[in-house]
Amino acid sequence: MLVNPEPAGAVQFSDVQHVVVDIEGTTSASAFVYDVLFPYAAERFAEWLTQHAGEAETDRIVAEVAREAGLSEPSADEIVAILRGWVAEDRKATPLKELQGLIWEEGFASGALISDFFPDALEALRQWHDAGLPISVYSSGSVLAQRNWYAHSPEGDLTGWIAGHYDTANAGPKRDASSYRAITEAIGADPATILFCSDVVAELDAARDAGWQVIRVRRPGEPHAIGESAYPEVAEMTDIRLV
């Protein structure tokens, strides 16, 4: 339940028993995703698919790409072109997200990649974790990518802070209320006790339709900071007060 903001700039909520956070634009800068992660994976699509050709996971991803593209027997070059086209469109296609997650996993493991967090997001997550509040992540990035993101943060392995991971494969599209209902069932909580933190108004709409409490994280300079909404908002996650 939303409580009157106090002190100025903060937004207070009561009866919150589980927090679900987005990544891109919420806990972490969109620019890092678009300027670092996406190019890193796109440059390695062809090499990765060649190195892992014939493996069950690779064959499944390639088959799903072909199915979504409406092609029966695409060549390897066509698959790579489709994937890069989806990246350019910022398409949230599940096989793309799965492949990106696999490539990023190798990058994180080698030390070539370290994830990015806004300092206030890290502090808010730390406070909630220390208070014993369960935290889950819901992102269009794959569960594998999410786990690696939290395992390779600037402050080390933060996977112990996270109770659950949800993506477009195990929950569904982020702008569909049914996805949030699926997460509610998985969490096993009253939807009214779940707080969702996101920068995307359409995602907040869907979460609200599923009965969740919502807060818009509206960071200056982020792509989704433009435009007004009816939702309470903060510029920093440490201004979210749970009472």
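In the numbering used here, the protein residues as written are -1 to 241.
C-beta: ideal position from N, C-alpha, C; glycine also.
Taking the C-beta atoms as reference points, Arg217 is found nearer than 8 Å to Ala223. Where His127 is concerned, the enclosing alpha helix (DSSP H) starts and stops at 117 to 128. Phe116 and Ile213 have their alpha carbons spaced roughly 17 Å apart.
In this structure, DSSP gives Glu231 an extended state, which the three-state scheme calls strand. At the C-beta level, Ile80 and Arg42 stay beyond 8 Å of one another. Inclusion of Glu103 and Asn168 in the CB contact set at 8 Å is not warranted, their separation being larger than that value. Closest by C-alpha distance to Asp174, out of Glu201, Leu35, Leu131, Ala119, is Glu201. Counting of Cβ neighbours within 10 angstroms places Ser12 among the exposed residues, the total staying below 16.
Linking Pro132 to Tyr178 through their CA atoms gives a straight-line distance of about 16 Å.
Taking the C-beta atoms as reference points, Glu87 is found no nearer than 8 Å to Ser140.
Straight across, the Cα-Cα distance linking Ala44 with Ile77 is about 9 Å.
Taking Glu153 as reference, the option from Leu120, Asp188, Pro230 with the minimal CA-CA separation is Leu120.
According to the DSSP assignment, Gln211 belongs to the beta strand (DSSP E) that extends over 211 to 215.
Nearest Cα to Asp20 within the set Val241, Leu240, Leu193: Leu193. Scanning Asp237, Val198, Met235 for the CA closest to the CA of Ser227 turns up Val198.
Distance from the CA of Glu62 to the CA of Pro93, rounded to the nearest whole angstrom, comes to 6 Å. Unbroken alpha helix (DSSP H) runs of no fewer than 4 residues, entirely contained in the segment 11 to 91, are found at 36 to 40, 43 to 49, 54 to 67, 74 to 87, following chain order.
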